[in-house]
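In what follows, a single structure is set out as structure tokens and then discussed.
In the numbering used here, the protein residues as written are 6 to 296.
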């Protein structure tokens, strides 16, 4: 069994409910069996490692930890996870990626190693970086990761972002994406008037912001360098229906950028296109492009 893959699966379930903390998954294995596992709980509650330790109880001693992010080694809302792992007597730790925050930044690994715990780093690192790209953007840029999202028909016209228009599979994916974000807004002008650089949202604990609006309404947001990711649902329609926001003409491109790391996902009769703005400057952008 791929225990780190299981930890990533657990971590993904925490997206949208733990910001500004990162979404982390942890699995404890002893004698080839999972004895404890868990994901980050909402702020002020247990981190993934503590949930796993509680589930394992005494079986945590001499177990191996698989965790998607370096354990914390500082006192925040909760005590340091690294200290708890040392106290529980784990024998080995596999860490997918280091936590680049100034309050961790290698100190968690150092705490484990100083206690004689073997630490291995880098398993599934790129997947872990993707999972917490909003947290990494928040650390690096002091604002949320911003995803611009809209739907287009095959005639290039904007379409409503709803399950009836998208179909069952794409509608379910849209719901999942919305649940993974901390906040979703639909009025760009109001957003920028309230928080021009989006730093106020970050201060309030929002690390993942979704902006759902027709493409011609996103130009200023893109022009200010405030969009990191674009998601477009392509649906098999050709005119004959209402257009969101009363836009009658073909959408104007928000900017002359070419998206990078573009992926295509078939969802029933719809296709989800995802790409990143070249100046999003996320820490793992280069790794993403060479996948």
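All C-beta atoms in this analysis are idealised placements derived from N, C-alpha and C, irrespective of residue type, glycine included.
TODO: Spatial neighbours of residue 35 within its chain, please: CB distance less than 6 angstroms, with the 5 preceding and 5 following residues excluded, ordered by chain position.
DONE: 64 and 68
Task: Residues of its chain near residue 42, where Cβ-Cβ distance is below 8 angstroms and the 5 sequence neighbours each way are ignored - done: Taken in chain order, the residues that qualify are 11, 12, 15, 30, 31, 32, 33, 56, 57 and 60.
- [ ] May I ask which residues mark the beginning and end of the alpha helix (DSSP H) holding residue 53?
- [x] 53 to 61
Open item on the list: When you compare the CB positions of residue 240 and residue 275, do they come within less than 8 angstroms of one another, or not?
Closed with: yes
- [ ] Take residue 93 as the anchor and find which of 108, 122, 75 and 79 has the nearest alpha-carbon.
- [x] Comparing Cα-Cα distances from residue 93 to each of 108, 122, 75 and 79, the minimum goes to 122.
- [ ] Taking residue 128 as the reference, give the member of 21, 225 and 70 with the closest Cα.
- [x] 70
Task: From 154, 114, 107 and 100, residue whose alpha carbon lies closest to that of residue 278 - done: 154
Open item on the list: Suppose you measure from the CA of residue 207 to the CA of residue 148; what does that come to, to the nearest Å?
Closed with: Distance between the alpha carbons of residue 207 and residue 148: 5 angstroms.
Open item on the list: List, from N- to C-terminal side, the alpha helix (DSSP H) runs of 4 residues or more that fit wholly inside the region 140 to 196.
Closed with: 168 to 171 and 173 to 185
TODO: Express the C-alpha separation of residue 190 and residue 139 in angstroms, rounding to a whole number.
DONE: If I take the Cα positions, the gap works out to 16 angstroms.
TODO: Out of 40, 39, 72 and 81, state which residue places its alpha-carbon closest to the alpha-carbon of residue 53.
DONE: 72
- [ ] Grab me the residues of residue 3's own chain with a C-beta within less than 8 angstroms of its C-beta, minus the 5 sequence neighbours each way, in chain order.
- [x] This structure cannot speak to residue 3, because the chain is shown only from 6 to 296.
Open item on the list: Which same chain residues end up closer than 8 angstroms to residue 166 when comparing Cβ atoms and leaving out the 5 residues on each side of it in sequence?
Closed with: 154, 155, 156, 179, 217, 238 and 249
Open item on the list: Once the 5 residues before and after residue 280 are set aside, which same chain residues still bring their CB inside 6 angstroms of it?
Closed with: Residues 235, 264 and 267 of the same chain have their beta carbon placed closer than 6 angstroms to that of residue 280, with the five preceding and five following residues left out of the count.
TODO: Quick one: measure Cβ to Cβ for residue 152 and residue 25, integer angstroms, because I've assumed they're closer than 8 angstroms.
DONE: Wrong, their Cβ atoms sit about 17 angstroms apart, outside the cutoff.
TODO: Identify which residue in 203, 80, 282 and 146 has its Cα closest to the Cα of residue 4.
DONE: Lying before the first or after the last residue shown, residue 4 is absent from the chain, which here runs from 6 to 296.
- [ ] Name the two residues that bound the continuous alpha helix (DSSP H) containing residue 42.
- [x] Looking at the DSSP string, residue 42 is not in any alpha helix (DSSP H); the run it does join, the beta strand (DSSP E), is 38 to 44.
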